[in-house]
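Peer 1: Under my numbering, the letters of the sequence shown match residues 51 to 669, in that order. Glycine included, every Cβ here is placed at the ideal spot set by N, Cα and C. Got a structure here, written out as structure tokens. Questions coming.
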Amino acid sequence: MGLFSLAIPSLASARCIGSDDPLVIEAENEVGRDPAAAIAWIDKAIERTDSADRRRIANLYLAQSIAYSMAGQPGTSAINAANRIAAPLPEGDPIKLFLAISRAAKIDDGTARSRRLDAIAEAHATLPASSGQKTCLGVDLAYYKSMDDEWREAFEFASQAYRDRDAERNSRARAEAASLLAYILSEGHQYEYAKQLHSEALSYFVAKDLYDLAANEYVIRGFIELEMGQWLAALADFEASIEQARSYGNDYAVAYAELGACQAALDGNMIERAQPSCDLAFAALNGPREPTAMFASTAKASLLLRQDRPAEAVSVLNKAIAERAERANAKQQAAAYEVRAEALYALGRYAEAYQDTVRAGEINEDLYERRQSNATVIAQARFQTQELQTDLEKEQLSGQASRRLALAVVIGAVTILLLLGLLVFTLLQHRREFRKLAMIDPLTNLSNRRATLDQADEALRDAGTTKPRAAVALLDIDHFKRCNDTYGHDAGDEVLREFAHIVNAEMRDQDIVGRWGGEEFLVIFPRTRAAEAAAAIERIRNAALRAKFDFAPGYVLQFSAGIGELDEAEGDLREIIKLADRRLYAAKAKGRNRTTIKGAGIDVLAAFGKRGPANRPTP
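What follows is the structure, given as structure tokens:
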């Protein structure tokens, strides 16, 4: 696979459905705004849907599986539910084709997987061209064909999906098709047209307030611009992505966009601008299970070299190569060796520098050959597509120049431009795939949502009973928005960090604490009853009241909480979290700064309107 192929998991996570069902459309929009919040929204929408409406429920579960994937969580339960609900529907129903693609993707044997996808493609061809579902299925097929290095077929599916929406240009399906087609054209060195298509998709995502999708599209376009030498435009896109990601509290997305900003600033020789971005990305992405840790380290080392600190750069890369090389792909390894070679050369360690240069050159030569082969196939496929032939002729000269430049870059593997260029290519890997392994919330240093659930599942399994007792508490800081509006977001971040420290300090070793999202925190008390958990929550409350803050000596840290016992939901952890959430909002409704451990609580979606999380009462 080529250097740009690492970008495509993003497009797999952000699948579209293309349904004309208003509730499914709204669910897709919620997913595009904030995937983590959309999970609960869709649960409530399913609860309110007539059980006889199998097609709607199956589509909602499919949307929820996409939300899980985009939020970095396993979506197996949602996919399984969709398969179960859709089972009685006709075999040619689009929802069953979507689910068949998901099953085909799990087939390990490449030949068997390709045959299964070809069978699905035959059914896909019978759908009317005007159907949004046909477009979204075409995007899925294009994605999996590209993953199997079948670039001609990938281009044909993606370009057809894009053209099928000519009469409906302002649609989610058109935007998703544009984004995937842009990815494929990038793999074929056709950067100008790819940038145009990414801009088209981005315009739709921004206009519809799909913050998560917009944040990602800004990042991908930024890397395209870096490849074109447009570092200033790229920096603007990375900064726009940071702003979008912060608007819905996605700290991991912020860190990944900061990594792009680090690269763009280094390309522009803006060392002072690069430093905060490089440092933040390195701190957030350098965890032991983080797939992009190698390149976060490489970016940090590149900054150190620009600051005439080669010994520190070598130290950073020695650790990264020793600990991460086995998990890193070829492109990550090559970039790390190249930067270390330059640092070693600056230290006068010429023999070692030469060895690293040779290693990197061998890797890069193989990568270049594969990428050139992919580019040729994509160019041929585009030429043979009548509607896109004129565009190809206009860009033929620039495409040839790009290929000559790519060859020159490989020949000059020891130069800093290649080091940075390879970093750009590798960073195109979709940040939503990276989030699957990101376990720590960078702001509070607590476990994030995914890690908290994983730890809880493991702890409850280890309890050794069929129905392990546990209490689950959701804590939400009171009037947090007012704090942000009055004292600023820096003050809000200080409150979150201090509250996380207080909660963690008051817990036992066996208790599990994580940041659930925004100003919400989840605490799981294994082998504990609700009354005992409530006593622990009151200890936290007392400690929070004693907290002092420099930004406002008079600010009082208070919170509301909801608690549920696992037995109340027949041992289903996720159901008891929902119950704790409803009880949390009951505590809010009763005046805040209190804990609720009984009753059905308040269903936020039912009480505050159909859009759910967006219309929740102010915390």
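When the Cα atoms are used, what is the spatial distance from S229 to E80?
Peer 2: Answer to the nearest angstrom: the Cα atoms are 19 Å apart.
Peer 1: Please confirm if the segment 296 to 311 is in contact with the segment 253 to 271, defined as three or more CB-CB distances below 8 Å between the two stretches.
Peer 2: These segments touch.
Peer 1: Please classify T645: is it buried, with 16 or more other beta-carbons within 10 angstroms of its beta-carbon, or exposed?
Peer 2: Flag for T645 reads buried.
Peer 1: Are there three or more Cβ pairs, one per stretch, closer than 8 Å when the segment 551 to 562 is compared with the segment 581 to 595?
Peer 2: Output reads yes: the segment 581 to 595 touches the segment 551 to 562.
Peer 1: Whole angstroms are fine: how far does the CA of G188 sit from the CA of H174?
Peer 2: Roughly 8 Å between the two C-alpha positions.
Peer 1: Nearest to A208 by CA position, among A410, E218 and A223, is which residue?
Peer 2: Of A410, E218 and A223, the residue nearest in Cα terms is A223.
Peer 1: Looking at G299: is its Cβ nearer than 8 Å to the Cβ of G567?
Peer 2: Closer than 8 Å, so yes.
Peer 1: Checking 8 Å against the spacing of the C-beta atoms, do G68 and S181 come in under that value?
Peer 2: Yes, Cβ-Cβ distance for G68 and S181 is below 8 Å.
Peer 1: Decide if V573 is buried, meaning its Cβ has at least 16 other Cβ atoms within 10 Å, or exposed.
Peer 2: Under this definition V573 is a buried residue.
Peer 1: Give the straight-line distance between the Cα atoms of P72 and E78, rounded to the nearest whole angstrom.
Peer 2: Each residue's alpha carbon lies about 10 Å from the other.
Peer 1: Can you check DSSP and say which residues form a bridge with L572?
Peer 2: Beta-bridge pairing links L572 to L524 and G564.
Peer 1: Cα-Cα, which of E206, I75 and A594 is closest to L607?
Peer 2: Considering only alpha carbons, the answer is A594.
Peer 1: Starting from A611, trace the beta strand (DSSP E) both ways and give me its first and last residue.
Peer 2: F609 to E615 is the extent of the beta strand (DSSP E) around A611.
Peer 1: G160 and D198 - do their beta-carbons sit closer together than 8 Å?
Peer 2: For D198 and G160, yes; Cβs fall inside 8 Å.
Peer 1: Just how far apart, CA to CA, sit G612 and H539?
Peer 2: Near 26 Å, if we compare the C-alpha coordinates of H539 and G612.
Peer 1: Can you tell me where the alpha helix (DSSP H) with S297 in it begins and where it stops?
Peer 2: That run of the alpha helix (DSSP H) goes W281 to S297.
Peer 1: Measure the C-alpha to C-alpha separation of R596 and E548 and round it to an integer number of angstroms.
Peer 2: Each residue's Cα considered, the two are about 11 Å apart.
Peer 1: Tell me which residues share the same chain as S249 and place their Cβ nearer than 8 Å to its Cβ, disregarding the 5 neighbours each side in the sequence.
Peer 2: Result list for S249: R271, in chain order.
Peer 1: Out of R83, D84 and L112, which has the shortest C-alpha to C-alpha gap to V74?
Peer 2: It is L112 whose Cα lies nearest to the Cα of V74.
Peer 1: At which residues does the alpha helix (DSSP H) containing G82 begin and terminate?
Peer 2: P72 to R83 is the span of the alpha helix (DSSP H), which, as asked, contains G82.
Peer 1: If you drop the 5 nearest sequence neighbours on each side, which residues of the same chain put their C-beta closer than 6 Å to that of L177?
Peer 2: Once the five neighbours on either side are set aside, the close Cβ partners of L177 are K184.
Peer 1: Who does R497 pair with in a DSSP beta bridge?
Peer 2: According to the sequence displayed, residue 497 carries Ser and not Arg. In DSSP, S497 forms a bridge with I490 and G564.
Peer 1: Please report the distance separating the alpha-carbon of F205 from that of L167.
Peer 2: For F205 and L167, the distance between alpha carbons rounds to 15 Å.
Peer 1: Are the CB atoms of R409 and D491 nearer to each other than 8 Å?
Peer 2: No, Cβ-Cβ distance for R409 and D491 is not below 8 Å.
Peer 1: To which residues of the same chain is K245 closer than 8 Å at the C-beta, ignoring the five residues directly before and after it?
Peer 2: Cβ within range, chain order: A232, R271, I274, E275 and M278.
Peer 1: So, is G649 buried or exposed, given that buried needs 16 or more other C-beta atoms within 10 angstroms?
Peer 2: Counting Cβ neighbours within 10 Å, G649 comes out exposed, since fewer than 16 surround it.
Peer 1: Under the three-state reduction of DSSP, which class applies to T185: helix, strand or coil?
Peer 2: Three-state DSSP puts T185 in a helix.
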